[in-house]
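**Student:** One structure follows; several queries about it will come next.
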Amino acid sequence: MVGDSEENDDCVISDEMIYIPEVRNEKRPKVGMKFDSLDFVYDFYNRYALLAGLCHSSGREKYSKEILRKEFVCCKQGVFKKEEPRAVKRHRGISRCGCKARVVVVKVSGCKQYAFSLVVEGRNHTMTPPERVHFMRSHRHISEPAKLLTKQLGSADIPTHKKMSILEVQSGGMEKIGFTKKDIYNFEYYESSLMKNHDVELVTEYFLAEQKNNRSFYFKIEGDSNDRLTLCFWADATSRRAYEFYGDVVVLDTTFNTNRYGLPFAPMFGEFKKAMPGGEPKMIITDQDAAMARAIFEVFPTTFHRLCIWHITTKFSDKLPRTAYEEYWKEFKETIWEIDNIDEFEEKWHAIITKSSLTDHPWLSSVFDLRKSWVPAYCGQTSHDIRRCPRMANTS
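Quick note: to get the numbering used here, add 5 to the position in the sequence shown (first position is 1).
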């Protein structure tokens, strides 16, 4: 090879050597070739680029009610401007090297056809090998069956990396899949953006359909003066029937879907009260959500509000210093679970935090202040001495 050259992640770049793609003559673009539409032009040139091991992109266009002239250029066209040295977060191969290869297609006068008016095949870099060409941007494409399967897997909460494994097996290998994990992420982002401003409409349609099938399905949707959602509550026939028989204790969980918009919980509990037969629950168990606690007191003043002991005890490992947790967690656990006498519990608790030098620990102080809402020794006053609250079902 003549002249200086440098390697990047795909090819060898040369300042003097010209590389011509090795493609069968009938598959190569030639000046004068005519096509019935720009779509046919794109399909032909894209197929040529795939066979040649090239990546291409759209260049300049000329309009006058319709496209009169269009260019397809090499993805390595142009060069990056040299900037001042700065911290490099990630080293990447050279993606632009001033390649001059391009084709120009123009509208044929007097008809609807398009024809190549200029073809420059010579390149200043080597071609991408066949086993890697399908990773190039212009050759990546998610087929309609793959999109459908991706949506179906998403509805089953299958994570993206596992979706790729399934799609790879279905396609017969990674070299035949035709797209990357990033393409799937982009597709899912695009799909979610389409739903963004129509989710309330879709939810309302779904609720109406459910109510048509079963009159016991209850829902309430409200909005503000700007047509923004402020309340969404629903209860199906099964949950309403279950509450009638077993609704003396209700467990609510906001761990996974937090109240990110700061909406008040009181209207939601008001609808809950309307929807559920059997009156107020005797006990409601939640995590440590202050807004929910206020709403429960407002709507269900006679209901005993208890905090989920599971949520609190699982935080000890995160909140305490590592050495303190490893040394004293067993004593904390025995004190919480095995002591039924209130005075004995408080005496033992203070003894542990004193010898562990945790008397001023803010989180331990906060949960101790709330002890009447979660420690079993204080909950014997209710008729439901629930000793454990396992991982709660997600209710948003």
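Don't be surprised by glycine CBs; every beta carbon is placed ideally from N, CA and C.
1. Less than 8 angstroms between the beta carbons of leucine 236 and proline 282, yes or no?
2. Give every residue of the same chain whose Cβ lies closer than 8 angstroms to the Cβ of asparagine 51, excluding the five residues on either side of it in the sequence, and list them in chain order.
3. Could you give the first and the last residue of the continuous beta strand (DSSP E) run that contains leucine 234?
4. Whole angstroms are fine: how far does the CA of lysine 287 sit from the CA of glutamate 352?
5. Going by the beta-carbon positions, is the gap between threonine 155 and phenylalanine 184 smaller than 8 angstroms?
6. What span of residues does the alpha helix (DSSP H) with histidine 166 cover, start to end?
7. What does a CB cutoff of less than 7 angstroms around valine 372 pick up in its chain, not counting 5 residues either side in sequence?
8. In or out: leucine 59 buried (at least 16 other Cβ within 10 Å) or exposed?
9. Using 8 angstroms as the threshold, is the C-beta distance between lysine 370 and alanine 329 below it?
10. Looking only at its own chain, which residues have a Cβ that is under 7 angstroms from the Cβ of glutamate 303, when we skip the five neighbours before and after it?
11. Anyone know if the C-beta pair for phenylalanine 222 and alanine 247 falls short of 8 angstroms?
12. Within 10 angstroms of the Cβ of serine 378, are there 16 or more other Cβ atoms? Answer buried if so, exposed if not.
13. Use the C-beta contact count for glutamate 331: other C-beta atoms within 10 angstroms, 16 or more gives buried, fewer gives exposed.
14. Can you find the residues in the same chain that come closer than 7 angstroms, C-beta to C-beta, to isoleucine 25, ignoring five residues on each side of it along the sequence?
15. Would you call the CB atoms of tyrosine 119 and valine 36 closer than 8 angstroms?
16. Just curious, the beta strand (DSSP E) that phenylalanine 309 is in, first and last residue?
17. Using a 10 Å radius around the Cβ and a threshold of 16 neighbouring Cβ atoms, would you call histidine 130 buried or exposed?
18. Taking phenylalanine 224 as part of the beta strand (DSSP E), name the residues at either end of that continuous run.
19. So, with DSSP's three-state summary, where would you put glutamate 343?
20. Can the beta-carbon of threonine 308 be found less than 8 angstroms from the beta-carbon of glutamate 276?
21. Pick out the complete beta strand (DSSP E) segments inside the region 273–360, 3 residues or longer, and give them in chain order.
22. Quick check: what's the CA-CA separation for valine 111 versus phenylalanine 121?
23. With burial defined as no fewer than 16 other Cβ atoms inside 10 Å of the residue's Cβ, what is the status of threonine 291: buried or exposed?
24. Might you give, ordered along the chain, the residues of its own chain that have their beta carbon closer than 6 angstroms to the beta carbon of glycine 159, omitting 5 neighbours on each side?
**Tutor:** This is what the structure holds:
1. Not closer than 8 angstroms, so no.
2. His61, Ser143 and His144
3. 234–240
4. Rounded to whole angstroms, glutamate 352 to lysine 287 spans 30 angstroms at the Cα level.
5. For the 8 angstroms CB-CB criterion, threonine 155 and phenylalanine 184 do not form a contact.
6. 165–176
7. Ile317
8. Label assigned to leucine 59: buried.
9. Lysine is not the amino acid found at residue 370; the sequence shown has serine there. No; because the gap between Cβ atoms is not below 8 angstroms, this pair is not in contact.
10. Excluding the 5 residues flanking it on each side, glutamate 303 has same chain C-beta neighbours closer than 7 angstroms at Ala271, in chain order.
11. It is not a contact, given that the beta carbons lie outside the stated cut-off.
12. Classification of serine 378: buried, given that the 10 Å Cβ count is 16 or more.
13. That one is exposed.
14. Around isoleucine 25: Glu126 and Gly127.
15. Not closer than 8 angstroms, so no.
16. 309–312
17. buried
18. Taken as a continuous stretch (DSSP letters only), the beta strand (DSSP E) holding phenylalanine 224 covers 223–228.
19. helix
20. no
21. 288–291 and 309–312
22. 6 angstroms
23. buried
24. none
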